[in-house]
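Counting from 1 along the sequence shown, just add 435 to a position and that's the residue number in our numbering.
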Amino acid sequence: MFELIKTGTKIDFIGKSKIYFAVSIALCLIGLALIFIKGFNYGVDFSGGTSIQVTFENPVNIDTMRSTLSSKIDKSFTIQSIGDANSFRIKVDQGAEDEDLKQLSNDISTVLTTSFKDGGKVTIDSIEQVGPQVGKDLKRQALMAVLYAVIGILIYVAIRFELMSATSSIIALIHDIILTLAVIIALNVTFDLTVLAALLTVVGYSLNDKIVIFDRIRERAKMDQHKSLMESMNISINETLSRTILTSTSTLLAVISLAIFGGEVIKGFAIVMIAGIVIGTYSSIGIASSLVYYIKTFKSKKAAA
Numbered sequence: 436m437f438e439l440i441k442t443g444t445k446i447d448f449i450g451k452s453k454i455y456f457a458v459s460i461a462l463c464l465i466g467l468a469l470i471f472i473k474g475f476n477y478g479v480d481f482s483g484g485t486s487i488q489v490t491f492e493n494p495v496n497i498d499t500m501r502s503t504l505s506s507k508i509d510k511s512f513t514i515q516s517i518g519d520a521n522s523f524r525i526k527v528d529q530g531a532e533d534e535d536l537k538q539l540s541n542d543i544s545t546v547l548t549t550s551f552k553d554g555g556k557v558t559i560d561s562i563e564q565v566g567p568q569v570g571k572d573l574k575r576q577a578l579m580a581v582l583y584a585v586i587g588i589l590i591y592v593a594i595r596f597e598l599m600s601a602t603s604s605i606i607a608l609i610h611d612i613i614l615t616l617a618v619i620i621a622l623n624v625t626f627d628l629t630v631l632a633a634l635l636t637v638v639g640y641s642l643n644d645k646i647v648i649f650d651r652i653r654e655r656a657k658m659d660q661h662k663s664l665m666e667s668m669n670i671s672i673n674e675t676l677s678r679t680i681l682t683s684t685s686t687l688l689a690v691i692s693l694a695i696f697g698g699e700v701i702k703g704f705a706i707v708m709i710a711g712i713v714i715g716t717y718s719s720i721g722i723a724s725s726l727v728y729y730i731k732t733f734k735s736k737k738a739a740a
C-alpha cells in the first residue's frame, strides 16, 4: 500500500510553533500594509461602472491604446491586458445609470478600429455595467457574507469541539483571509463576485482541514493521558499529515488546471483557490494546532495557580 508519510513519523510541529508564528505575523503585517495602502483592484461588480472586453486580431501596445482612448473619448479609463497582447479589459468609470451601453461600445470599437489598423479586426467580447449604488450594496453584502461565514464557523466548532478550538480556528482563518487577500492585491487580481466566491470556498476548505486535525487531537487526548500534551498533539498532526497533503495536492492539481486551461473568466477564481489551499494547509498544521496547544497550556497553568 502506498504511503506518502510513513507510519510512525515524528515531526515536532508544536516545537517549531514559534517559527510559524513569527513567519505568519510578518506575512500578515505585509498583507495588512498591502490592503490598507495599495487596496484592491475592484471589478465593476463592486466599484460600479462599465467593463468592456475587446480582442484584436494582432497584438496592440496597451500604453498607446490608453492614450488614444483618453484623447478621443471623454471618459476615465482603466485598461488591463488579459492573457496575451491581443485581449484587453477596458473599465470605464461610473457613468449615468441609463447610459447607452451599445453606443459606448460602438464608440470604443470605432476608435480602436480607426486608430489601430495594424491590430486588425476588433471584437467586443463582452460588456457589462453596474450602477454606483448597486456596487456599494454588493460590497457591503460581500463583507457581511464573510462575517456571517466566520460567525457560523465559530458556533459550529464551539459546539463540535470546545471554545478554545473555535477561538484557534477563527484566528487561523483570519490569518488565511489576510494572506489570501494579500496575494490578490500582489498579483493585481480583479476583485469581483467570482473572486469573492473563491474566498468563501477557501474559508470552508481551510476549516475542513482544521476540523480533521482537531478531531484526531481530541481522540488522542483520551488515548494518551499518560503522555504530555505536546507529544500527544504532535502524534495527532503526524497521523493526519498524509491525508492533509494528499487532499490538498489533489485539489491543487484540479485548480491549477483551471488556472491554465479555464480562460480569463475563471482565472481569478483559480488563483485565489491555489493561494488559499496552500495557506490553509499551512495554517492547519502550523498555526491552528499550535494555538490550541498554547491556549490549553495557559488554562492548565492558570487552573494550577
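We treat Cβ as the ideally placed atom computed from N, Cα and C, and that holds for glycine. Nothing here was measured: the structure is a model prediction, and the numbers come from that model.
Could you check if PHE733 is buried or exposed, using at least 16 other CB atoms within 10 Å of its CB as the buried criterion?
That one is exposed.
Mind checking ASN493: buried by the 16 CB within 10 Å criterion, or exposed?
exposed
Taking contact to mean 3 or more Cβ pairs, one atom from each stretch, closer than 8 Å, check whether the segment 507 to 518 and the segment 598 to 614 are in contact.
As far as the Cβ criterion goes, the segment 507 to 518 does not touch the segment 598 to 614, which means the pair count is below three.
Excluding the 5 residues flanking PHE596 on each side, which residues of the same chain have their C-beta closer than 6 Å to its C-beta?
PHE649
Please report how far the alpha carbon of SER505 lies from the alpha carbon of ILE701, in whole angstroms.
29 Å
Output needed for LEU628: all residues of its chain with C-beta closer than 6 Å, excluding positions within five of it in sequence on either side, in chain order.
Contacts found: ASP480.
What residue range does the alpha helix (DSSP H) around LYS451 cover?
Premise fails: LYS451 is in no alpha helix (DSSP H) and is neither H nor E.
Does DSSP put ILE525 in a helix, in a strand, or in coil?
Note: ILE525 maps to strand in three-state DSSP.
Comparing C-alpha positions only, which one of ASP542, ALA577 and SER486 sits nearest to ASP509?
ASP542
Whole angstroms are fine: how far does the CA of ILE605 sit from the CA of LEU589?
7 Å
PHE696 lies in the alpha helix (DSSP H); which residues open and close that run?
664 to 696
Does the beta-carbon distance from ILE709 to VAL690 come in below 7 Å?
yes
Considering only the alpha carbon of each residue, which of PHE626, LYS453 and GLN576 lies closest to ILE722?
LYS453
Cα-Cα, which of MET658, ASP447, ASN476 and GLY450 is closest to VAL624?
It is ASN476 whose Cα lies nearest to the Cα of VAL624.
Kindly provide the ranges of any beta strand (DSSP E) runs that are 3 or more residues long and lie completely inside the segment 459 to 510, ordered along the chain.
484 to 491
Spell out the partners DSSP gives GLU654 in its beta bridges.
Bridge partners of GLU654: none, in fact.
I need the straight-line Cα distance from ILE403 to VAL618, nearest angstrom please.
Because the chain here runs from 436 to 740, residue 403 falls outside it and cannot be looked at.
If you check the beta carbons only, do SER667 and ARG678 fall under 7 Å apart?
no
Can you list, in chain order, the residues of its chain whose CB lies under 6 Å from that of GLN488, leaving out five sequence neighbours each side?
Closer than 6 Å at the Cβ level, and outside the excluded window around GLN488, lie ARG524, ASP560 and SER561.
Grab me the residues of GLU675's own chain with a C-beta within less than 7 Å of its C-beta, minus the 5 sequence neighbours each way, in chain order.
Checking the displayed sequence, the identity of residue 675 turns out to be Thr instead of Glu. Closer than 7 Å at the Cβ level, and outside the excluded window around THR675, lie VAL647, ILE648 and ARG651.
With a threshold of 16 other CB atoms inside 10 Å of the CB of ILE609, please say whether the residue is buried or exposed.
exposed
Roughly how many angstroms lie between the CA atoms of SER735 and GLN564, to the nearest whole one?
58 Å
Confirm the yes/no value for this check: CB of ASN541, any heavy atom of the ligand COA, distance under 6 Å.
The ligand content of the structure shown is nil, which means the ligand COA is not present either.
Measure the alpha-carbon distance for VAL637 versus ASP611 and round it to whole angstroms.
Computed Cα separation, rounded: 8 Å.
Which full runs of the alpha helix (DSSP H) of 4+ residues lie inside the segment 696 to 725, going along the chain?
699 to 717
Checking 7 Å against the spacing of the C-beta atoms, do VAL557 and LEU547 come in under that value?
yes
Got a sec, what are the start and stop residues for the alpha helix (DSSP H) ILE606 sits in?
598 to 621
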